[in-house]
Structure formats: C-alpha cells, structure tokens
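K.L.:
Below you will find the structure I want to go over with you.
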Amino acid sequence: MQKFGFQEIKQVAGLQLAAAVAVFLTLSSSYAGITPAATRSDEIDLPPVEPQITTSSSPMTISLAKHLQSIGAKMYGAFWCSHCYEQKQMFGREAMKYIDYVECYPDGYRRGIKMAEACESAKVDGFPTWIIKGEVLSGEQEYSEIARASGFESPKTNK
C-alpha cells in the first residue's frame, strides 16, 4: 500500500473540490430560471366547476335523501373538495336532487373570495359538513351515521 504525502492529498482534494464547485455552479445556473407553480395560496385561482355525479341512486338513498329534505338537513361543501364529491357519489344523481346542498364557494376559490354567508353563519370549518337536527357532522359520513343523526328508519321490505 502506498503512503500519500501532503502534496498528493492536497492535489487530489483540490481536484475534488474544483469538481464539486463546477457541478454546483452548473446546477445553480440551470435551475435559476425555474419558478415554482402556485407556491402560495394567494396564487390559486379555481373557477367554480361542479363535478358531475356519475353514480345512480338506490331506493334506500333516495328515501334517506327525501327524509333529510323533510327535516331541513343541510350538506355544506366546496366544489373542489374530493370528500364532498365522494359523499355526493354515495347518494347518487337522483338522491342528490333532494339533498339541500350549500356550495360554500359559488364564485370560485382565489385570493379575496370569502366563503358564502350561509356557510359563515353555520360556522362551517371543513368539508363536507352536515347539519342534521342541530347536530354538526364534519367530514365524509357513512350512510348509517347520516341515517342515525336524522332519525331515519329504512322502509321494511315484505318477504
């Protein structure tokens, strides 16, 4: 094994340091012109586009939706909220016609746009939010939880 002297170490280290500096400068100049897309929430501009409900309703979800309508239950949501969309998909197209749905951002979402007054008044702080008989249910809910909160009893089937 060969012993390295101070001169050899200095020469090798100098070459490695020079190579590292060259790589750093090259990468810095390559990425200097790139600006990140929408890095702050004040740069977001989402126009209000309501996603289409693609599922069909079952007789049970239609019955629950009609019951919710009859007791004045409300679902508060936002057009950009994936959990709101999934909640609507759970009910299906036909049943959602009976749900009293309140869009909290009817004018889109961007800097300076406030939540709809109805959502502010209801103190909605997340989506979806259900208000059923005075009870606040936050987040996507299972069918059984919505039925429980509303006092819904499913129609009995005759056998």
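Residue numbers (UniProt numbering): 1 to 159.
A virtual CB, placed ideally from N, CA and C, is assigned to each residue, including glycine.
This one's a predicted model, so the numbers in the text were calculated from it and none came from an experiment.
(1) Sorted by chain position, which residues of the same chain lie with C-beta nearer than 6 Å to Ala20's C-beta, five sequence neighbours on each side aside?
(2) Quick one: grab the DSSP three-state call for Lys66.
(3) Where in the segment 102-150 do unbroken runs of the alpha helix (DSSP H), each at least 4 residues long, occur, reported from the N-terminal end onward?
(4) State the start and end residues of the unbroken alpha helix (DSSP H) segment that holds Lys88.
(5) Tell me the DSSP bridge mates of Lys74?
(6) Would Asp125 count as contacting chain C if we go by Cβ distances under 8 Å?
(7) Among the candidates Glu135, Pro155 and Glu140, whose CA atom is the shortest distance from the CA of Asp149?
(8) Per DSSP, which residues does Leu46 bridge with? Please list them.
(9) Are the Cβ atoms of Glu86 and Ile62 separated by less than 8 Å?
(10) Decide if Cys81 is buried, meaning its Cβ has at least 16 other Cβ atoms within 10 Å, or exposed.
(11) With burial defined as no fewer than 16 other Cβ atoms inside 10 Å of the residue's Cβ, what is the status of Ile146: buried or exposed?
P.N.:
In this structure, then:
(1) There are no such residues.
(2) Here Lys66 sits in helix by DSSP.
(3) Scanning the segment 102-150 from its first residue to its last, the whole alpha helix (DSSP H) runs of 4-plus residues come out as 117-121 and 143-150.
(4) Membership of Lys88 in the alpha helix (DSSP H) is indicated by the continuous run Ser82 to Phe91.
(5) Answer is Asp100 and Ile131, bridged to Lys74.
(6) Going by chain labels, chain C is absent from the structure shown, which holds only one protein chain.
(7) Checking the sequence, you will find Ala at residue 149 rather than Asp. That would be Glu135, whose Cα lies nearest to the Cα of Ala149.
(8) Leu46 is bridged by DSSP to Tyr109.
(9) No; because the gap between Cβ atoms is not below 8 Å, this pair is not in contact.
(10) With 16 or more other Cβ atoms within 10 Å, it is buried.
(11) Around the C-beta of Ile146, 16 or more other C-beta atoms lie within 10 Å, and the residue is accordingly described as buried.
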